[in-house]
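Residue numbering for the sequence shown follows the numbering used here, beginning at 43 and increasing consecutively.
From the three backbone atoms N, C-alpha and C, an ideal C-beta is built for every residue, glycine too.
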Amino acid sequence: METIEIPPRQKTIRFSIKADVQSYKEVLTVDDLWFRYGQPWVLNDISLRMYRGEKTALVGINGAGKTTFTRLISQELTPQKGRLVLGQRVHTGYYAQHQIDVLNLEKTIYEEVASTAALSFQPKLRDILGLFQFSNDDVQKRIGVLSGGEKARVSLAKILLSPSNFLIMDEPTNHLDAASRASLEKALMEYDGTLLLISHDRYFLDKLVNRVIEIKDGKLKEYNGSYSHYLEKREAETAATAAEIVPSGKSDKKPVSGGSQRKTKEQKQQEAAARQKISKERKRLSEIIKNAETQMEVLTEQKDSLEQQLADPQTYSQTELFLQLQKEYDTVLKMLPEVEAAWENAHLKLEELLSNLPA
43 METIEIPPRQ KTIRFSIKAD VQSYKEVLTV DDLWFRYGQP WVLNDISLRM
93 YRGEKTALVG INGAGKTTFT RLISQELTPQ KGRLVLGQRV HTGYYAQHQI
143 DVLNLEKTIY EEVASTAALS FQPKLRDILG LFQFSNDDVQ KRIGVLSGGE
193 KARVSLAKIL LSPSNFLIMD EPTNHLDAAS RASLEKALME YDGTLLLISH
243 DRYFLDKLVN RVIEIKDGKL KEYNGSYSHY LEKREAETAA TAAEIVPSGK
293 SDKKPVSGGS QRKTKEQKQQ EAAARQKISK ERKRLSEIIK NAETQMEVLT
343 EQKDSLEQQL ADPQTYSQTE LFLQLQKEYD TVLKMLPEVE AAWENAHLKL
393 EELLSNLPA
């Protein structure tokens, strides 16, 4: 008979993230900031205020400048124009995939995380590391022998357990299993500092943020409310723009003196064909957006249900059930970003289509 390895019984670990020192009310001030690597400007003439306790999502298509902006906030980059100032007693913690490059390869997992952990976390550090899938003797592994995903989890643990009161996190749920994601979500919900999140996990953002900042064409646009509220507002704005287009075969222009009537008819036919093409494309893109939103809703509900089942300790006593649920969960995690990318791409094409219409 084929030997089936029984998965280890997972513990539900709960911990709270508290800022050791509270910052002043104003956490971040950005005034007339411009930044570029070469040509053109990545960010141009942007201004922003962030205040203590806000939980904000930073969104935009790939390449819009989200990571650039977070690196400016963490002072890894310097703007060419304008100013960016952190408030008094603000201590930033920045998590991004490239943070693994600054880990000390000679230290063990425990030593590396303990070196920056707040005093309040030191007594239960081993238990908390279990949340990040490092348990028992694993915590004595040296950083140099870890995989890329394991190093990313070490970096995430370091940031969360540090004394920071302003967390900047770029895709923090990558490389985490269902139970770990649920524990991270609960910890961030109770976090009393300031949070800036970049994530493609719509469900994760919706649980956490109360403000959304969109980067588009080098500019910032703010939306107060949840991530779902932002999506609704953006959809309404796109629909309003589309509604302004009223196809018409009539023209107020009179034939130019000396021109032929046949030429005028040809022009009208060309204009009508162009309008019909635009209308057809707009309908196609709108259908893609609608279908993608339905898929995202279904997948998000499936993800929620699977996470609840996988977080139940009894699940791990039923090997076949656990393996099936884990397989379904991995499939959902793979499909969600693909559907979200299709939704985002269709939105972008629709906005470009509408913005390029002749006056």
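Residue i burial status per 10 Å Cβ neighbour count (16 or more: buried)
i: residue 79; result: exposed
i: residue 23; result: Because the chain is modelled from 43 through 401, residue 23 falls outside the range shown and cannot be assessed.
i: residue 144; result: exposed
i: residue 267; result: exposed
i: residue 367; result: buried
i: residue 369; result: exposed
i: residue 65; result: buried
i: residue 126; result: buried
i: residue 140; result: exposed
i: residue 362; result: exposed
i: residue 159; result: buried
i: residue 357; result: buried
i: residue 349; result: buried
Opening and closing residue of the alpha helix (DSSP H) in which residue i lies
i: residue 243; result: Unbroken run through residue 243: none, as it is neither H nor E.
i: residue 156; result: 151 to 156
i: residue 196; result: 190 to 203
i: residue 226; result: 220 to 232
Beta-carbon contacts of residue i that lie in its chain and below 8 Å, excluding the five residues immediately before and after
i: residue 195; result: 174, 175, 176, 217 and 218
i: residue 148; result: 184, 185 and 186
i: residue 341; result: 374, 377, 378 and 381
i: residue 167; result: 152, 155, 156, 159 and 203
According to DSSP, residues forming a beta bridge with residue i
i: residue 76; result: 123
i: residue 21; result: For residue 21 there is no data in the structure shown, the boundaries of the chain being 43 and 401.
i: residue 184; result: 150
Nearest-angstrom Cα separation, counted from residue j out to residue i
i: residue 69; j: residue 95; result: 9 Å
i: residue 154; j: residue 392; result: 47 Å
i: residue 252; j: residue 345; result: 22 Å
i: residue 282; j: residue 365; result: 47 Å
i: residue 320; j: residue 157; result: 59 Å
i: residue 119; j: residue 265; result: 26 Å
i: residue 351; j: residue 180; result: 26 Å
i: residue 132; j: residue 114; result: 15 Å
i: residue 227; j: residue 105; result: 26 Å
i: residue 313; j: residue 322; result: 14 Å
Endpoints, beta strand (DSSP E) assigned at residue i
i: residue 264; result: 261 to 266
i: residue 256; result: 253 to 258
i: residue 115; result: First-last for residue 115: 108 to 115, but that is the alpha helix (DSSP H), not the beta strand (DSSP E).
i: residue 170; result: First-last for residue 170: 167 to 173, but that is the alpha helix (DSSP H), not the beta strand (DSSP E).
i: residue 97; result: 97 to 101
i: residue 208; result: 208 to 212
i: residue 137; result: 134 to 137
Close-in-space but distant-in-sequence residues of the same chain around residue i (CB under 6 Å, 5 per side omitted)
i: residue 334; result: 381, 384 and 385
i: residue 388; result: 327, 330 and 331
i: residue 92; result: 69 and 70
i: residue 86; result: 76 and 260
i: residue 230; result: 250
i: residue 275; result: 265
Contact with chain C by residue i, beta-carbon distance below 8 Å
i: residue 167; result: This model lacks chain C altogether, as it is built from one protein chain only.
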